[in-house]
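Q: Chains as they are written, first to last, in our numbering: chain W, 1 to 146; chain Y, 147 to 292.
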DNA sequence: CTGATTTGCGTGCGCTGTGCACGCTATCCT
DNA sequence: AGGATAGCGTGCACAGCGCACGCAAATCAG
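(1) Would you decide whether residue 70 (chain W) is buried or exposed? Buried here means 16 or more other CB atoms lie within 10 Å of its CB.
(2) Leaving aside the five residues before and after residue 229 (chain Y) along the sequence, list all residues of the same chain whose C-beta is less than 7 Å from its C-beta, in chain order.
(3) By DSSP, does residue 230 (chain W) sit in helix, in strand, or in coil?
(4) Does chain Y have any CB closer than 7 Å to the CB of residue 63 (chain W)?
(5) What's the gap between the Cα of residue 104 (chain W) and the Cα of residue 288 (chain Y)?
(6) Would you mind sorting residue 153 (chain W) into buried or exposed? The rule is 16 or more other CB atoms within 10 Å of its CB.
(7) Residues of chain Y with CB under 8 Å from residue 143 (chain W), in chain order?
(8) For residue 142 (chain W), which three-state DSSP category applies?
(9) Identify which residue in W:137, W:144, W:47 has its Cα closest to the Cα of residue 155 (chain Y).
(10) Answer with yes or no whether the minimum CB distance from residue 91 (chain W) to chain Y is below 7 Å.
(11) Would you list the one or two residues that DSSP bridges to residue 85 (chain W)?
(12) Quick one: Cα of residue 258 (chain Y) to Cα of residue 89 (chain W), how far?
(13) Check distances from the C-beta atoms of the region 51-84 of chain W to those of chain Y and list, in chain order, the residues that come in under 8 Å.
(14) For the region 31-51 of chain W against the region 128-136 of chain W, do three or more pairs of beta-carbon atoms, one drawn from each stretch, fall closer than 8 Å, so that the two count as touching?
(15) For chain W, find out if any of its Cβ atoms is closer than 7 Å to the Cβ of residue 273 (chain Y); answer yes or no.
(16) Can you tell me whether residue 120 (chain W) is buried or exposed? The criterion is at least 16 other CB atoms within 10 Å of its CB, across all chains shown.
(17) I'd like the ranges of any alpha helix (DSSP H) spanning at least 4 consecutive residues and lying wholly in the region 238-281 of chain Y.
(18) By Cβ distance, which residues of its chain are closer than 8 Å to residue 180 (chain Y), with the 5 residues on each side in sequence left out?
(19) Strictly below 7 Å CB to CB, what residues from chain W border residue 193 (chain Y)?
(20) Which chain Y residues sit within Cβ distance under 8 Å of residue 104 (chain W)?
(21) Assuming residue 159 (chain Y) contacts residue 117 (chain W) under a Cβ cut-off of 8 Å, what Cβ separation, rounded to an integer in Å, is found between them?
(22) Are any of the Cβ atoms in chain W nearer than 7 Å to that of residue 177 (chain Y)?
(23) Name, please, each residue of chain W whose Cβ falls closer than 7 Å to the Cβ of residue 152 (chain Y).
(24) Listed in chain order, which residues of the region 153-167 of chain Y have Cβ atoms closer than 9 Å to some Cβ of chain W?
(25) Starting from the N-terminal side, write out each stretch of the alpha helix (DSSP H) that is 4 residues or longer and does not extend beyond the region 21-78 of chain W.
(26) Can you tell me whether DSSP reads residue 161 (chain Y) as helix, strand or coil?
(27) So residue 199 (chain Y) packs on residue 241 (chain Y), CB below 8 Å; how close in whole Å?
(28) Please say whether residue 46 (chain W) and residue 57 (chain W) have beta carbons closer to each other than 7 Å?
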C-alpha cells in the first residue's frame, strides 16, 4: 500500500499547516496595518462570501459558536467594517452586512493572500502549480474534514 | 498574471484548513479513545520526531511558549506517555523522552492519520496523488510560512 | 383572536489555554 | 571563590470560547 506512504508524507506537511502559530503568523502578516485582527478576519471573509446574513448562519460557515460570531461582529462593527440591519422579513433577526470600508478591507486581504501564495509559486512550472492548486482544492473538499 | 488566480484558488482551500474547528475535529478523531488530547498530540509527535530533548527545544519545534510545553509535558507524564530524566551532561536540564506506551501511541496516531489521508486519496489517479503530495510538501517548505 | 411555544439575538458567567514574571538550582566565566 | 548566566517549573493575569439566561418577535394551538 504505497498510498499509506503518501499519507505519511502529507501528514507531515499538514502538521505544520495546522499549527496555531502558523495560522497566527500568517493572519498577522495579512492583517498588518489593517483595522482587523486575526480573529475578525475569518468572520469578515465569510461574510463577504455568504453576503448579508445572520450571525448564526455565519457561525456555521466559520465553524464557531454563534455567540462568538456575535462578539466579533460587534468588534468589527465598532471598527466600521460591517453594520447590523434589522431583517425586513423578520424583525427579530439581525442582518450582518459589509460596509464599503469592510468590502475594501476584504478585497485587500484577499489580494494580499493571493499575492503571497502566487509569490511562493513563482518558481514552479506552470502546469505543476496548476495541478497542485486543483489537487489541494479537491483534497480539502473530500478530504478527512467533514 | 494567472498565478494570482491560482493564489485565490489556493487561498480558499487554505481558509478551510486553517480553521480552528478543522484542526480540533481532525485531532479529535485521531485521538479518539487514546490517552491523549488534541493539545498533547503535537507535543508527543514533536518529541517522537526530535527524540529526547528539553522542553525549550520542543517549544521551538511546536511553535509554542516554553512554559506551555512544560505543562503539557506534565500532563503527558501523568498519563504515562513520557517521562522526565535529568540530563546526565547538565544537571539543571531535564530531558523529555517517550515511554514505551508513548511510542506506541505516537505510532498509532501516525498510522491513523496516514490511513485517513490515504483513504481520501483512494479514488485519485496514482500519479496525481503522488504529484499532490510532492507539491504540498514543497509548498509548505518554501511557502509563506516562515 | 389570544395565550403558549418556538426562534433569534445579545450578554453575564465560568472554564481553559496561553504567555509573562518570578524564584530556585546548576553551570560557566572572571 | 563569587558574580553572571542558563534552564525549569509555578503563580498570575488576560483573552477567547461556549453555555445558560433573559428579552423581543414570530408562529402555532385552541
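Positions of the beta carbon are idealized from the N, C-alpha and C atoms, including for glycine.
A: The relevant details are as follows:
(1) So residue 70 (chain W) ends up on the buried side.
(2) Within the same chain, residue 229 (chain Y) has close Cβ partners 223, 243, 245.
(3) Summary: the structure shown does not reach residue 230 (chain W), with chain W confined to residues 1 through 146, and so no result is reported for it.
(4) yes
(5) Spanning the alpha carbons of residue 104 (chain W) and residue 288 (chain Y) requires a straight line of approximately 29 Å.
(6) Here chain W comprises residues numbered 1 to 146, so residue 153 (chain W) is not present and cannot be evaluated.
(7) 263, 266
(8) Three-state result, residue 142 (chain W): helix.
(9) Among W:137, W:144, W:47, the Cα nearest to that of residue 155 (chain Y) belongs to W:137.
(10) No, because no Cβ of chain Y sits closer than 7 Å to the Cβ of residue 91 (chain W).
(11) W:95
(12) 48 Å
(13) Correct list: 62, 63, 64.
(14) no
(15) no
(16) buried
(17) 246-266
(18) 251, 254, 255
(19) Near residue 193 (chain Y) there are no residues of chain W at all, since even the closest Cβ is about 13 Å away, more than 7 Å.
(20) Within 8 Å Cβ-Cβ: nothing; residue 104 (chain W) doesn't reach chain Y, min ~17 Å.
(21) Actually they are not in contact, since the Cβ atoms of residue 159 (chain Y) and residue 117 (chain W) sit about 10 Å apart, beyond 8 Å.
(22) Not one chain W Cβ lies under 7 Å of residue 177 (chain Y).
(23) 118, 121, 129, 130, 133
(24) Listed by position, the residues of the region 153-167 of chain Y near chain W (Cβ gap below 9 Å) are 153, 154, 155, 156, 157, 158, 159, 160, 161, 162, 163, 164, 165, 166, 167.
(25) 40-50, 55-62, 66-78
(26) helix
(27) 7 Å
(28) no
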